[in-house]
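Notes to accompany the following structure.
Numbering (this note's numbering), first residue to last: 16 to 140.
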């Protein structure tokens, strides 16, 4: 089937899955995410080996991120250079309670610091 331009996912790489095993509910189990604007969205782990996070409905994440936040015209594909230009290249999740998380944007370079354990309290960053 043809994929809608708003159908996006957040990659969840293997090193993070190993470091934070059990941080998110099991695959296909919905959980609530509170976005920076206070809006709530249902998300879940998906794909083989739980390597991605997606919204339910699938297009909700893309609509919010691409259209509402980044103001990307429908059909335009954004590149990493586009993200560098606005100064963000990753997101973080902070667990509030069981099946409830805050999502926030991270500045360019924050993910590398996090993955290299340059943060003392890594789940809060």
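We put the beta carbon where it would ideally sit given N, CA and C, even for glycine.
query                                                                                                                                                                                : result
Can you grab the Cα-Cα spacing for the pair residue 137 / residue 93, in whole Å?                                                                                                    : Confidence at residue 137 is low in this model, with a pLDDT of 45, below 50, so its placement is unreliable and the value that follows should be read with caution. Rounded to the nearest angstrom, the two C-alpha atoms are 29 Å apart.
Label residue 99 either buried or exposed according to how many other C-beta atoms from any shown protein chain fall within 10 Å of its C-beta, with 16 as the threshold for buried. : exposed
Whole beta strand (DSSP E) runs in the segment 39-105 with 3 or more residues, listed along the chain?                                                                               : 46-49, 55-61, 67-70
Considering only DSSP beta bridges, list what residue 120 is partnered with.                                                                                                         : 106
Express the C-alpha separation of residue 34 and residue 128 in angstroms, rounding to a whole number.                                                                               : 15 Å
Distance check for residue 30 and residue 76, CA to CA, integer angstroms please.                                                                                                    : 23 Å
Just to confirm, is the Cβ distance from residue 116 to residue 108 under 8 Å?                                                                                                       : yes
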